Amino acid sequence: MIPTPLPAVLSLLLVSFFSSGSAARSILKSPPDDPRFLLSTGRSGWSDDQYCDSWRLSAETNNAGKWSTIPEICVSFVANYIQEGKYRSDSDMVAQDSLTFAKNVTLAGDGKDIWVFDIDETLLSNVPYYKANGWGSKKFNETAWDEWVFQAKATALPASIKLYYELLKLGFHAVILTGRDESQRSITEKNLLYAGYHHYAKFWLL
Ligand SMILES: *[C@@H]1O[C@H](CO)[C@@H](O)[C@H](O)[C@H]1NC(C)=O
Ligand SMILES: *[C@@H]1O[C@H](CO)[C@@H](O)[C@H](O)[C@H]1NC(C)=O
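As structure tokens, then:
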């Protein structure tokens, strides 16, 4: 997800609770690391579900500031969100809106009509990793994350792969930009193929 001045360069932002990969290593800090971001820990008498849903909104809109683990009381909320359909439904909604937007773009056809995709929790879903690691309630563990990455068995987020191929049909070129590092290039390409992503124009690691 990078902002860019080119009008036909678009990107897809999908909901994600997860602070994964190297982005988490380099950018995100846990709330205790930064006392400015303890604002939303007061519960004011709401039920766990209400509190967690509000926390989700705050995190997704980036108002919650830096965070690296989900609130302890929200583990089952997140597990339910991911597994019981809401994650799929939210992803479908965002992908649909993106496609509506894309269909209304007049392409130049000069090879510069590109759509930028992130990988983790956008093209690929790392849900099995997060399920095995407390749904984001544990501090990011680089070793465990790398082990998961090197298995190369992350599957496509269904809404994303559908959008990906719709966009290619419209004439966009897919550019993939990820916070994963150079040592994970070939395994990541292998995983993208395994998940069904072909024909991308460029693949960049940060
Ligand atoms: C489609 O594009 C036109 C011209 O840029 C714009 O006025 C209109 O609001 C767009 N419609 C949608 C649904 O994005
Ligand atoms: C991180 O993951 C590795 C590999 O799964 C594990 O051996 C290690 O104990 C974990 N570290 C922490 C602090 O949980």
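So for the sequence shown, our numbering puts the first residue at 16; every next one is plus one.
Even glycine gets a Cβ: it sits at the ideal position worked out from N, Cα and C.
Nothing here was measured: the structure is a model prediction, and the numbers come from that model.
Legend entry - Residues proximal to ligand 2 by C-beta, any heavy atom closer than 6 Å: Qualifying residues, in the order they occur: N156, T158, A159 and E162.
Legend entry - Option nearest D64 by Cα separation, candidates N95, S106, A171 and E162: The residue with the shortest Cα to Cα distance from D64 is N95.
Inset, instruction - Mind checking who K217 pairs with in its DSSP beta bridge? - result: K217 is bridged to V190.
Inset, instruction - Kindly indicate which three-state DSSP category L208 falls into: helix, strand or coil? - result: L208: helix per DSSP, three-state reduction.
Inset, instruction - Check whether the region 161 to 174 touches the region 135 to 150, counting contact only when three or more Cβ pairs, one atom from each stretch, lie closer than 8 Å. - result: These segments touch.
Inset, instruction - Have a look at L221 and G100 and give me their C-alpha separation to the nearest angstrom. - result: In this model, L221 and G100 are separated by some 32 Å (Cα to Cα).
Legend entry - Buried or exposed (CB count within 10 angstroms, at least 16 for buried), L122: L122 is exposed by the Cβ-count criterion.
Legend entry - Simplified DSSP state of W130, which is helix, strand or coil: Under the three-state reduction of DSSP output, W130 falls in the strand class.
Legend entry - Straight-line gap, F218 to D112 (C-alpha atoms, nearest Å): Distance between the alpha carbons of F218 and D112: 25 Å.
Legend entry - Residue span of the alpha helix (DSSP H) that contains C67, given as start and end: Membership of C67 in the alpha helix (DSSP H) is indicated by the continuous run D63 to E75.
Inset, instruction - Would you decide whether A216 is buried or exposed? Buried here means 16 or more other CB atoms lie within 10 Å of its CB. - result: Exposed: under 16 other Cβ atoms inside 10 Å.
Inset, instruction - Under 7 Å Cβ to Cβ from L114, same chain only, skipping five residues before and after it: list those, please. - result: Only L178 and E181 meet the Cβ criterion.
Inset, instruction - Quick one: measure Cβ to Cβ for V164 and R195, integer angstroms, because I've assumed they're closer than 8 Å. - result: The beta-carbon distance between V164 and R195, rounded to whole angstroms, is 7 Å. This is short enough to meet the 8 Å contact definition.
Legend entry - Segment limits, alpha helix (DSSP H) that includes D105: Annotation: the continuous alpha helix (DSSP H) that includes D105 extends over K101 to K118.
Inset, instruction - Look at the alpha carbon of L192 and the alpha carbon of G149, and state the distance between them as a whole number of angstroms. - result: Taking the Cα positions, L192 is about 27 Å away from G149.
Legend entry - Neighbourhood of I176 by C-beta distance below 8 Å, restricted to the same chain and skipping five residues each side: The residues are L138, A210, G211 and Y212.
Inset, instruction - Look at the alpha carbon of P50 and the alpha carbon of K81, and state the distance between them as a whole number of angstroms. - result: Bear in mind that a pLDDT of 40 at P50, under 50, signals an unreliable position, so the number given afterwards is only what the model happens to contain. If you take the alpha carbons of P50 and K81, they lie about 10 Å apart.
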